[in-house]
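Residue numbers (my numbering): 158 to 432.
Cβ atoms here follow ideal geometry from the backbone N, Cα and C, with glycine treated the same way.
Predicted model only: the values in this text are computed from it and were never measured.
Worksheet for the structure shown next.
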């Protein structure tokens, strides 16, 4: 029997909304940022699951190339049909993740290198893989809390307006949070710390439109490397680019300091919930 929670999360409407959100994000980013985002998804998916990969489509009638063709098709209709068939088979969610979506990401990377698929096709394909993975993960996810309320509050490289992040860190500390403030750090350093730390929430503070691409790469990197982490996007970018940020699927958005404090508490209290 198909998993009801999974099938509710992977439907035509959800995939169509994700496509629309990605198109909005793409319209706001220069091509180099979109290329970097696509490579972020392909590389991290390929590296993260390499040890667990048992072989593409070993127990399924759906070939990886067929899935790739669905992923790069103009409409998400075919993607939905393939995922429906997989979910109605005897494969588990974990099998679908490891035996189909991971090799599909790798295959799209090969298409890109061999120029057998257009840049536009590869980017929409990687976007759909990211969306599917997040929905599969969330259908299985149970959040854990550390013994102390702990969060990283981070600004990205090149951010000049850091006062808001500093104020948020100070206020949260007064409320009893263990806050690790990281300023002007690279995405790779932030992701590495998040993976190695026992934190509950990762708050990204950004103000500039020019930071949108870096925020997208950081959120996707965190999602793929630390799936149980609760991610908050805060600052002016959460207000002016709210719709563009939607595709990244952060757990919370906050454009003001009071909102950020409220979101920190809400995300911490998500223990046991599937958002």
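Beta-carbon gap between residue i and residue j smaller than 7 Å
i           : j           : result
residue 288 : residue 175 : yes
residue 362 : residue 409 : no
residue 201 : residue 381 : yes
residue 285 : residue 236 : yes
residue 356 : residue 308 : yes
residue 266 : residue 199 : yes
residue 411 : residue 398 : no
residue 338 : residue 359 : no
residue 392 : residue 364 : yes
residue 414 : residue 346 : no
residue 377 : residue 188 : no
residue 344 : residue 374 : yes
Limits of the unbroken alpha helix (DSSP H) element including residue i
i           : result
residue 409 : Careful: residue 409 lies outside any alpha helix (DSSP H), inside the beta strand (DSSP E) at 409-411.
residue 232 : Per DSSP, residue 232 belongs to no alpha helix (DSSP H) and is neither H nor E.
residue 406 : Where residue 406 is concerned, there is no enclosing alpha helix (DSSP H), given that its DSSP letter is neither H nor E.
residue 184 : 169-185
residue 326 : 320-331
Collapsed DSSP secondary structure at residue i in the structure displayed
i           : result
residue 389 : strand
residue 191 : helix
residue 202 : helix
residue 336 : strand
residue 210 : Note on residue 210: pLDDT 44, under 50, position unreliable in the model; the coordinate value appears next. Reduced to three states, the DSSP call for residue 210 is coil.
residue 280 : helix
residue 368 : helix
residue 425 : helix
residue 245 : coil
residue 434 : The structure shown does not extend to residue 434, since the chain spans only 158 to 432, so no value can be given for it.
residue 220 : coil
residue 398 : coil
residue 363 : coil
Paired residues, beta bridge with residue i - DSSP
i           : result
residue 358 : 308, 387
residue 342 : 313
Any non-hydrogen atom of the ligand SAH closer than 6 Å to residue i Cβ
i           : result
residue 232 : As presented, the structure is devoid of all ligands, the ligand SAH included, so that no description of it is given.
Contact with chain C by residue i, beta-carbon distance below 7 Å
i           : result
residue 272 : In the structure shown, chain C cannot be found, because there is only a single protein chain.
Counting Cβ pairs closer than 8 Å, one from the region 275-282 and one from the region 243-255, do we hit at least three? Cβ pair count under 8 Å is below three, so no.
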